[in-house]
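Numbering (UniProt numbering), first residue to last: 1 to 187.
Every residue gets a Cβ at the ideal spot worked out from N, C-alpha and C, and that includes glycine.
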Amino acid sequence: MARKNDTAVNYTVPGLKPDAAAEVVSTLQDRLNALNDLALTLKHVHWNVVGPTFIAVHTMLDPQVDGVRQMVDATAERIATLGGSPIGTPGALVAQRTWDDYSIGRAGAEAHLAALDLVYTGVIQDHRTAIEKTEELDPVTEDLLVAQAGVLEQYHWFIRAHLETPEGTLKTAGAPTEKAAARKTKR
1 MARKNDTAVN YTVPGLKPDA AAEVVSTLQD RLNALNDLAL TLKHVHWNVV GPTFIAVHTM
61 LDPQVDGVRQ MVDATAERIA TLGGSPIGTP GALVAQRTWD DYSIGRAGAE AHLAALDLVY
121 TGVIQDHRTA IEKTEELDPV TEDLLVAQAG VLEQYHWFIR AHLETPEGTL KTAGAPTEKA
181 AARKTKR
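Structure, rendered in structure tokens:
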């Protein structure tokens, strides 16, 4: 059974009040869930990508998986540092997430990259929101999230470089869902 997202803290780092720490822990737990989900999604794509550019995409994703897993660890350790208890179980992730599961199975490289474009967009947007939430509450957490966002944006650029047209537009522009983005690559 998934545990409820309990962000109460009994102690925290010097200079931070427990109620502020609890708010930061809640924000970080959401980021922990998103990053865990992203790492699993990237590995799923790594295993299910096919086609002529298979090896390029397959090998591009492993460093991203490793980098995101490091972010997961740093985020969980920040939660613990603030006096919280990071929750990293699959059941809790599924129960607490506000997004749908990745929707593409075995597919060509461009289809997966199109879907990953939307995945990264969502993760980065939510990371930026978390940065804003922590700016006044805890600059140390803000710094952690800013550094992670920079790396996530670079990974996103690697994905988008495969989807960009010579005119500088994305083949997937305006796609509302992963499956719609994947379909746009077939045109």
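Taking the beta carbon of residue i as the centre, do at least 16 other beta carbons fall within 10 Å, making it buried, or is it exposed?
i           : result
residue 221 : In this structure the chain extends from 1 to 187, so residue 221 is not present and cannot be described.
Asn36       : buried
Glu167      : exposed
Ala2        : Low local confidence applies: a pLDDT of 37 at Ala2 is under 50, so the model's placement there is unreliable, with the coordinate-based value given in what follows. Result: exposed.
Lys4        : Reliability of the predicted coordinates at Lys4 is poor, the pLDDT of 46 falling under 50, and no value is obtained from them.
Val24       : buried
Glu110      : buried
Val72       : buried
Asp100      : exposed
Asp66       : exposed
residue 242 : As shown, the chain starts at 1 and ends at 187. That puts residue 242 outside it, with no answer to give.
Find out if the Cβ-Cβ distance for the pair residue i, residue j is shorter than 9 Å.
i      : j      : result
Thr12  : Ala130 : no
Lys171 : Ala107 : no
Leu144 : Ala74  : yes
Gln64  : Leu42  : yes
Leu116 : Val68  : no
Assuming residue i and residue j are in contact, meaning their beta carbons sit under 8 Å apart, how far apart are those beta carbons, in whole angstroms?
i      : j      : result
Ile159 : Tyr120 : 6 Å
Ala8   : Ala22  : 6 Å
Asp62  : His46  : 7 Å
Ser103 : Lys179 : 6 Å
Could you give the residue range of the alpha helix (DSSP H) that holds residue i?
i           : result
residue 219 : For the chain, the structure presents residues 1 to 187; residue 219 sits outside this window and is missing.
His156      : 139 to 161
Asn26       : With the sequence shown as reference, residue 26 is identified as Ser, and Asn is not the correct amino acid for it. Per DSSP, Ser26 belongs to the alpha helix (DSSP H) from 18 to 48.
Ile55       : 54 to 81
residue 189 : Only positions 1 to 187 of the chain appear in the structure, and residue 189 is not among them; the question remains open.
Leu93       : 90 to 96
Query raised in the report: Given 8 Å as the limit, is there contact between the region 144 to 160 and the region 107 to 125, that is, 3 or more CB pairs closer than that?
Result: yes
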